[in-house]
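Under numbering that gives the first Met the number 0, the first residue of the sequence shown is numbered 0, with each subsequent residue one higher.
Think of the CB as a built atom: it goes at the ideal place given N, C-alpha and C, for glycine as much as any other residue.
Keep in mind the model is a prediction, meaning the values are calculated, not measured.
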Amino acid sequence: MKPLTEHTGRGVCLPRSNVDTDQIIPAEFCKRLTKSGFDDALFHTWRKDPDFVLNREDVQGASILVASNNFGTGSSREHAVWALRDWGFSVVIATSFGDIFRRNAYKNGLLAVELPETAVVGLGAHVAADPAYEITVDLVSCEVRAGKNRYGFSVDERARWLLLEGLDEISLTLLKDEAIADYEMTRNPWLPIVEVGPEAGVDEEARA
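Next comes the structure, spelled out in structure tokens:
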């Protein structure tokens, strides 16, 4: 993932409460075997309505979604985050999030920012009235800046560190690649192993 320290972008207002993961991406799209290419599935049912906000030409390229209350509730499908990310969103701002959605967001480079209702409603009103209105989300100082307004927010410290460093769970494990390799080379040979082929870069003779 790319490190996320500060992001400035145009916003899209979606003032709907309790938007669940099935509305974000219907289950039929979760059969795909990739972790990318889900932009066509984002809000698929709602986008059949020509007047749905994401169908508007003037919001194309917007990268901050200003939502409402309890965004991302429902099932644990990680595809909901992938779809938002693939559409081009880097930040979602809401008054609250589904717990699993928020964790999935942080693990996939999508920043979920929780702000008071007055702040969210105000930001939503601005971006709805002016599609060119920009919002800056600063993860270093944990502050949202829009016009003359400043709003502080909090993020779990571990999640914040991962986002700032651009690390997901896999890349975090790979930081210890040398230590893992050293352990594997010196561990007792009678212990169970996972059989892998030469294509995985394992020196079979050294292992023996």
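Name the one or two DSSP bridge partners that Y150 has. V143
Using beta-carbon positions only, say whether L109 and A82 come within less than 7 Å of one another. no
Assign E5 to buried or exposed, taking buried as 16 or more other Cβ atoms, counted over all protein chains shown, within 10 Å of its Cβ. exposed
Distance CB(V126)-CB(C12) smaller than 7 Å: yes
C-alpha distance - F96 paired with W189, whole-angstrom precision: 48 Å
DSSP state of V18, grouped into three classes? coil
To test your reading of the DSSP string, which unbroken alpha helix (DSSP H) runs of 4 or more residues are found completely within the stretch 103-136? 116-128
Sorted by chain position, which residues of the same chain lie with C-beta nearer than 6 Å to D57's C-beta, five sequence neighbours on each side aside? P130
Please classify F100: does DSSP put it in a helix, a strand, or coil? helix
What does DSSP give as the partner residues of I92 in its beta bridges? V65, V112
Can you grab the Cα-Cα spacing for the pair S209 / F37, in whole Å? For the chain, the structure presents residues 0 to 207; residue 209 sits outside this window and is missing.
Quick one, which of N103, A128, V112, A26 has its alpha-carbon nearest V52's? A128
Between the C-alpha atoms of G8 and I63, what's the straight-line distance to the nearest angstrom? 6 Å
Closest by C-alpha distance to S170, when choosing among I192, K106, R15, W86: K106
Can you name, in chain order, every residue of its own chain whose Cβ lies under 6 Å from the Cβ of L158, other than the five neighbours on each side? Strictly speaking, residue 158 in this sequence is Ala, with Leu absent from that position. Correct list, in chain order: Y105.
Alpha carbon to alpha carbon, how far is G151 from T20? 27 Å
Could you work out which residue in S89, D85, P49, G10 is closest to A124 when comparing CA atoms only? G10
Which whole-angstrom value describes the C-beta separation of L32 and L162, a residue pair presumed to lie in contact below a C-beta threshold of 8 Å? Incorrect: roughly 26 Å between the Cβ atoms, too far for contact.
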